[in-house]
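Asks: For the sequence shown, the working numbering assigns the number 1 to the initial residue and increments by one for each residue that follows.
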Amino acid sequence: MYKILLIDDDAEVLDINKKFLMKEGYQVAASTSAVKALSVLKKQPCDCIVLDVMMPEMNGFDACAKFRKFTDTPIIFLTGKSSEDDRINGLMLGADDYIVKPYSLKELSLRIQALMRRRQVSVNAAKAPAPSTMLSFPPLQMDTIEHKVYCNDEEIALSNREFSLLHLLVSNPEKTITFEEIGTKIWGTYAEADRRSIMVNTSRLRKKLEAYPELDGMIETVWSEGYKFIPKKSKGGPNYG
């Protein structure tokens with residue numbers, strides 16, 4: 001259940017909004033003072049703040065600036081100030097949404113739901129494990145960040161172009177990569193005259209790999225088309241983690 005903090009100096013509006021949002025399934029706290037709400041929020045975090053702009057003692061813009069010093073909780077402004085400058089000012093201060101009065105209670109609820117969905121997506125993304133930098137077809141391993149290749153943990157010295165060529169092939173196991181694809185993706189352009197250069201670079205790469213018996217035959221020539229990477233079947237499928 002999401003916790004919503006409503007801040008508005010109009011007690012009647014505050015009560016109407018609170019009752020409606022509670023019926024919508026939210027847990028709701030309310031305050032007629034931004035100063036008091038500031039103190040409460042530091043001790044009791046919430047999931048969304050609905051904040052009126054025009055209030056005595058501390059207005060919504062000033063309150064938002066203070067909230068942003070210690071929390072990234074989504075903030076929705078409720079205000080009768082509809083000018084573009086006011087909207088921009090509110091968003092620049094760190095608000096996530098801006099609703100101009102008069103508004104419907106259903107719209108308010110839907111705006112809160114939208115913010116909660118976006119926030120959940122962000123939280124899930126932050127929790128997701130970082131993608132691995134290793135591309136592994138044992139005994140062959142490629143570190144795509146460090147640009148290094150290993151056979152059973154022994155580094156194989158490759159040039160930048162040889163690494164790029166191997167990376168292209170390994171990233172597409174058992175798929176024929178044509179001469180044109182290789183030229184375009186690695187050289188940046190391709191003409192038939194480039195085929196010879198691709199063949200020479202592939203030959204050099206193949207010799208370096210085949211210096212390790214375990215890697216013999218992993219790059220296969222597809223006659224008149226290009227090349228493909230053939231993983232060692234006995235070692236199982238690819239591992240991207």
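Cβ atoms here follow ideal geometry from the backbone N, Cα and C, with glycine treated the same way.
#1: Note down, in chain order, each residue of its chain lying with its Cβ closer than 6 angstroms to the Cβ of GLY80, except the 5 sequence neighbours on either side.
#2: Would you be able to state if there are at least three C-beta pairs under 8 angstroms between the segment 84-96 and the segment 18-38?
#3: Going by beta carbon distance, what residues of the same chain come within less than 6 angstroms of ILE112, once the five residues before and after it are set aside?
#4: Helix, strand or coil for SER164 per DSSP?
#5: Taking DSSP as the reference, what is the three-state secondary structure of GLU12?
#6: Under the DSSP definition of a beta bridge, which residues are partnered with THR79?
#7: So for PHE70, helix, strand or coil by DSSP?
#8: Got a sec, what are the start and stop residues for the alpha helix (DSSP H) ASP143 sits in?
#9: Let me know the secondary structure DSSP gives ILE198 once reduced to three states.
Replies: Taking the geometry as given:
#1: LYS101
#2: no
#3: CYS48
#4: helix
#5: helix
#6: VAL100
#7: coil
#8: Counting along the chain, ASP143 falls outside any alpha helix (DSSP H), though it belongs to the beta strand (DSSP E) covering 140-143.
#9: helix
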